[in-house]
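For the sequence shown, this note's numbering assigns the number 10 to the initial residue and increments by one for each residue that follows.
All C-beta atoms in this analysis are idealised placements derived from N, C-alpha and C, irrespective of residue type, glycine included.
Comments concern the structure below.
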Amino acid sequence: MSKSESPEEPEQLQKLFIEGLSFETTDESLRSHFEQWGIPMHCVVMRDPNTKTSRDFGFVTYATVEEVGVAMNSGPHKVVGRVVEPKQAQIEVVPSASALIINALKEPRDRKKQKNIKHSGNITFDEIVNIARQMCHGSSARELSGTIKEILGTAQSVGCNVDGCHPHDVIDDVSTGAVECPAS
């Protein structure tokens, strides 16, 4: 087996997260810089879907973990005139909002085997806020109140109530300010 064939190495360990890219950085210029330390199997600059400009970061996947180490330790890196910071890419597993809501309902575990369960329980607004805090990094909302409304929408689709009220009524109360949301 050659050095570039490493099926026992998880791809995530072979991936670099590159932060600080300029707007002019292309996949090709990123590849050109990082091929000095190994064979980039995949290079991608993350782009804004509307403007198509760089979103300031990208990923380089090498053939081996060793190449990742060499590239990380060979800094500082300057790509298209800008100093960038390569880091080992990390995967973060975050449960879905619906899973967190169902977990907050504290229903019996033996119901897992049943299909099409209607989750008609009740959870508190404080539990919704806690779930929103956990999910805010993946939310498109700019403020916690927006994430809270997203979580309330999920509670509505799950079929539960929030403090005895229908989740959509609570969304309306959050929107009008009748229910106060924490700042963060």
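When DSSP labels each residue in this structure, what does Thr-70 get in the three-state scheme?
-> What you label residue 70 is simply residue 61 of the sequence shown in a count that begins at 1. If DSSP states are grouped into helix, strand and coil, Thr-70 belongs with the strands.
Which class does Arg-26 belong to by DSSP, given the choice of helix, strand or coil?
-> Along the sequence shown, read from residue 1 onward, the residue named residue 26 stands at position 17. Here residue 26 is Phe; the residue named in the question, Arg, does not match the sequence. In the structure shown, Phe-26 sits in a strand (DSSP, three-state: E or B).
By the 10 Å Cβ neighbour count, where 16 or more other Cβ atoms means buried, how is Met-55 classified, buried or exposed?
-> Here residue 55 refers to the residue found at position 46 of the sequence shown. By the Cβ neighbour-count rule, Met-55 is exposed, with fewer than 16 other Cβ atoms within 10 Å of its own.
According to the neighbour-count rule (16 or more other Cβ atoms, all chains shown, within 10 Å of its Cβ), is Ser-63 buried or exposed?
-> As a first step, residue 63 is located in the sequence shown; it is residue number 54 there, counting from the start. Buried is the call here.
Cβ of Ser-63 versus every heavy atom of the ligand GTP: is any distance shorter than 8 Å?
-> This structure does not include the ligand GTP; it has no bound ligands of any sort.
If we count the other Cβ atoms within 10 Å of its Cβ and call it buried at 16 or more, is Lys-96 buried or exposed?
-> Taking the first residue of the sequence shown as 1, we reach residue 96 at position 87. When all chains shown are included, Lys-96 counts as exposed.
Got a sec, what are the start and stop residues for the beta strand (DSSP E) Gln-45 sits in?
-> On the sequence shown, position 36 is the one that residue 45 refers to. Where Gln-45 is concerned, there is no enclosing beta strand (DSSP E), given that its DSSP letter is neither H nor E.
Rounded distance between the beta-carbons of Ala-80 and Phe-43, thought under 8 Å | To locate residue 43, count along the sequence shown from 1; it is residue 34. To locate residue 80, count along the sequence shown from 1; it is residue 71. With a Cβ gap of about 6 Å, Phe-43 and Ala-80 count as contacting.
Give me the Cα-Cα distance between Gly-84 and Ile-137, rounded to the nearest whole angstrom.
-> Taking the first residue of the sequence shown as position 1, residue 84 is located at position 75. Taking the first residue of the sequence shown as position 1, residue 137 is located at position 128. One C-alpha to the other measures close to 44 Å.
Ser-107 vs Val-167 beta-carbon contact at 9 Å | Taking the first residue of the sequence shown as position 1, residue 107 is located at position 98. Taking the first residue of the sequence shown as position 1, residue 167 is located at position 158. Yes. Within cutoff.
Quick one: is Val-188 buried, meaning 16 or more other Cβ sit within 10 Å of its Cβ, or exposed?
-> Along the sequence shown, read from residue 1 onward, the residue named residue 188 stands at position 179. That one is buried.
Exposed unless 16 or more other CB atoms sit within 10 angstroms - verdict on Glu-101 = To locate residue 101, count along the sequence shown from 1; it is residue 92. Burial call: exposed.
C-beta atoms of Leu-39 and Gly-67 nearer than 9 Å | By 1-based counting over the sequence shown, the position of residue 39 is 30. By 1-based counting over the sequence shown, the position of residue 67 is 58. Against a cut-off of 9 Å, the Cβ pair of Gly-67 and Leu-39 comes out as a contact.
Please classify His-146: is it buried, with 16 or more other beta-carbons within 10 angstroms of its beta-carbon, or exposed?
-> Taking the first residue of the sequence shown as position 1, residue 146 is located at position 137. The residue is exposed, with fewer than 16 neighbouring Cβ atoms inside 10 Å.
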